[in-house]
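Protein chains in written order, with this note's numbering: chain A, 220 to 555; chain B, 220 to 555.
Protein chains: 2
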Amino acid sequence: MTSGRRPTLADVAADAGVSTALVSIVMRDVPGASAETRARVLEVAQRLGYQPDQRARLLRSGHSRLIGVMFDVGNLFFGKLVTGLYAAAEQIDYQLTLSGTTPARDERTAVRTLLQDRCEALVLMTATLTPADFAEISAQVPVVVLGRAVRHRAVDVIRNDDAAGLHKAVDHLVELGHRRIAHLDGGARNSVSSERRRAYATAMGRHGLTDRIQVLAGGATEADGVRAVRRLLAAPGPRPTAITLYNDQSAIGAISALRLAGLSVPEDISVVGFDDEPAASLDHIDLTTVGQDTATLTRLAATRAQDRIQGVPVRQREVIIPPGLVVRGTTARPAG
Amino acid sequence: MTSGRRPTLADVAADAGVSTALVSIVMRDVPGASAETRARVLEVAQRLGYQPDQRARLLRSGHSRLIGVMFDVGNLFFGKLVTGLYAAAEQIDYQLTLSGTTPARDERTAVRTLLQDRCEALVLMTATLTPADFAEISAQVPVVVLGRAVRHRAVDVIRNDDAAGLHKAVDHLVELGHRRIAHLDGGARNSVSSERRRAYATAMGRHGLTDRIQVLAGGATEADGVRAVRRLLAAPGPRPTAITLYNDQSAIGAISALRLAGLSVPEDISVVGFDDEPAASLDHIDLTTVGQDTATLTRLAATRAQDRIQGVPVRQREVIIPPGLVVRGTTARPAG
DNA sequence: ATTCGTTCCTAGAACGTTCCAGCGAGTTAT
DNA sequence: ATAACTCGCTGGAACGTTCTAGGAACGAAT
């Protein structure tokens, strides 16, 4: 099946009766060859099934035009980001090398393979790397952290504006007529969670609803959403007409708990999630949620990588992108 | 931040006062260096932050010990398979190069980059490649198709035994006491769907339930599941006490339609899906389903790739792996 | 004393590409 | 007519490794 040896530049050159240098010129589509020679060389290359050897190419040319990307293969949100990165990289004529993390393949390992592939910059969707890791890696290659708030003087950060997301959620609900809006928290020891909680309170304040602020203890999972709703319904006093939640997972849990308790969403109570996970768009969930602008995030990550490679001076190391509100079926005007 | 140039073998050699060849020997951990020299070279390499250049290494050595993997970054099931492949590749001391497909990056493009990276074999989780593509690709490098029934004389196939999956589903329901078991089909023009439908019928027959066979027109989406259940409930005659479905998506739709109609799952009706998607294990779905043996699938794909690289003769080009039944909360004894 | 093996090491040639310098033959400017 | 340039092309060096062949040193066997 597999033919003995893949054809090289030399094979094409010999067949076309020219030098390897000229074939190289033709293959790279740079000036330096006449139209007719160009056509002839291309014809031969096509006929022999020549494929340029990426490794030899970059070994010689010094620069690989390669951006290394680390991501978790078990999380669909990162799939979205990788999709965006591929598109963005193509725009600026860079290639992507992917290195996945799995439960058995940690981030250090993933980064090491990217380094060995001689990527010119790294885009990391990291969860576990430490400041020491960042120091070590960024000493070798520019690093862009995508999607997570990391504070390290040597890395660039492109991430979503969580605060703006919650402002939009609250604005949307207030516009619909809601006043009694609760927030279901994402749990203690979690910086993302506290940023979202604070933003909720600020947003309520901006609408003069400071006295209506109600933060419910919650968490990041469906089960957390279920429990929080049970507590909420058992509590005395007027029920909120709407809830914003830490994320979609807990929102999905909350919705099923509400419906199980005989309340309908959104007629009796509106729900807004966060993240726009794929599950949020499923027919039977149809969750209104805050969606990160993955296209912009990835475009900026790619261009920032390029800037660093080219040594372009960068003003702000951290760029924060406003998300959009994806209005679906779990929000409506309050009853009455 | 980034230091001028990454250290090379020559840098390490100069610093340690030995030849580059010797450093190479030490780095590859092959015999030919004394223990003390080895230690000294390693110390220098560590100190300089030397990382071997993967490209130069394989350019010289001819073989890359690299397996190219193509997968869809937008599908979590493939994430599972990639996870398995990483583990399997490590076992046999190969590295993986990932090339993702996205809506904007087609399979031809993905394969081309893998070829340029000089992978020694390709593991393709393909949906769109044609026989002509397979012919062209497999002429250059061994090809293993993972997870899909492709019939082409030049490629190996490792895939799940869909028929066995449906047999297990039906056996499980019969064992629980069900007799009136329906099957919700995955739609017409779809070879996977018809294999599953036929297997359902065969399984029913083996339990002497040929006269209870009931195939409902369905599809692959949640909406299809919802519609099929509505039709089922509107139809006259006794209701089935259990349904097997084409996949998890349609099963999730079916469940929500059943519950909306006031029926409880599994008390009134049992439901079995197919694929064990991540959504199936969510708390509020908790779907009994047929789960593919991804560990075995990926292990075999990797070793098959290795066999082809090494020219080991292969008896059967297609290997079909039995799936397992993941029993969760949507199946129970029938009422009465 | 010579031969033989081992062990540890090195020189130098590859691998397939790109880059640099340069060359002949036209064309244009002086 | 000469100089200067452009165009199309080529030879050869380089990139960072690994591989092959072999050499120096040393102990053991003859």
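We put the CB at the ideal spot given by N, CA and C, even for glycine. Computed from a predicted structure; not experimentally measured.
Bridge partners - residue i, DSSP secondary structure assignment
| i | result |
| --- | --- |
| A:Met289 | A:Ser318, A:Leu343 |
| B:Leu435 | B:Leu403 |
| A:Ser357 | The partner list for A:Ser357 (beta bridge, DSSP) is empty, contrary to what the question assumes. |
| A:Glu441 | Beta-bridge pairing links A:Glu441 to no other residue. |
| A:Glu537 | A:Val376 |
| A:Leu506 | Looking at the DSSP assignment, A:Leu506 forms no beta bridge with any residue, so it has no partner. |
| A:Val491 | A:Thr463, A:Thr507 |
| A:Arg324 | A:Thr321 |
Start-to-end residues for the beta strand (DSSP E) that takes in residue i
| i | result |
| --- | --- |
| B:Leu482 | Neither: B:Leu482 is in no beta strand (DSSP E) and is coded neither H nor E. |
| A:Ile462 | 461-464 |
| A:Gly366 | Here A:Gly366 belongs to no beta strand (DSSP E), and DSSP marks it neither H nor E. |
| B:Val546 | Segment: none, B:Val546 is in no beta strand (DSSP E) and carries neither H nor E. |
Short Cβ contact (8 angstroms threshold) for residue i with residue j
| i | j | result |
| --- | --- | --- |
| A:Leu333 | A:Ser318 | yes |
| A:Tyr305 | A:Leu285 | no |
| B:Leu395 | B:Ala499 | no |
| A:Arg274 | B:Arg337 | yes |
| A:Thr463 | A:His402 | yes |
| B:Val301 | B:Arg523 | no |
| B:Arg257 | B:Val242 | no |
| B:Asp544 | B:Ala388 | Per the sequence presented here, residue 544 of chain B reads as Leu, with Asp not at that position. Yes, the pair counts as a contact, with Cβ atoms nearer than the cut-off. |
| A:Glu439 | A:Asp390 | Residue identity check: residue 439 of chain A is Ala in the sequence provided, not Glu. No, the pair does not count as a contact, with Cβ atoms beyond the cut-off. |
| A:Arg527 | A:Ala308 | no |
| A:Leu267 | A:Val231 | yes |
| A:Gly444 | A:Ile400 | no |
| B:Val288 | B:Thr316 | yes |
| A:Thr549 | A:Pro457 | no |
| A:Thr513 | A:Gly303 | yes |
| A:Val342 | A:Ala520 | yes |
| A:Ala473 | A:Val490 | yes |
| A:Ala235 | A:Arg259 | yes |
| A:Leu510 | A:Pro542 | According to the sequence shown, residue 510 of chain A is Gly rather than Leu. Their beta carbons are under 8 angstroms apart, which means A:Gly510 touches A:Pro542 by this criterion. |
| B:Leu516 | B:Gly366 | yes |
| A:Leu451 | A:Leu428 | no |
Boundaries of the alpha helix (DSSP H) in which residue i is found, first to last residue
| i | result |
| --- | --- |
| B:Glu496 | Where B:Glu496 is concerned, there is no enclosing alpha helix (DSSP H), given that its DSSP letter is neither H nor E. |
| A:Thr517 | 513-529 |
| B:Gly456 | Note, B:Gly456: premise wrong, no alpha helix (DSSP H); not H, not E. |
| B:Leu395 | 381-395 |
| A:Ala418 | 410-425 |
For residue j and residue i, believed in contact at Cβ under 8 angstroms, the rounded distance
| i | j | result |
| --- | --- | --- |
| B:Val533 | B:Asp375 | 7 angstroms |
| B:Asp487 | B:Ala554 | 6 angstroms |
| A:Gly437 | A:Gly405 | 6 angstroms |
| A:Val538 | A:Ile377 | 5 angstroms |
| B:Gly492 | B:Thr508 | 4 angstroms |
| A:Arg415 | A:Tyr465 | 6 angstroms |
| B:Asp502 | A:Ala264 | Going by Cβ atoms, the distance from B:Asp502 to A:Ala264 rounds to 57 angstroms, so no, they are not a contact pair. |
| A:Phe353 | A:Ala373 | 6 angstroms |
| A:Asp272 | A:Met344 | Incorrect: roughly 30 angstroms between the Cβ atoms, too far for contact. |
| A:Gln359 | B:Arg225 | 7 angstroms |
| A:Val393 | A:His426 | 5 angstroms |
| B:Pro459 | B:Gln433 | 6 angstroms |
Would you mind listing the beta strand (DSSP E) stretches within the segment 234-315 of chain B that are 3+ residues and don't spill past its ends, in chain order?
Correct list: 285-291.
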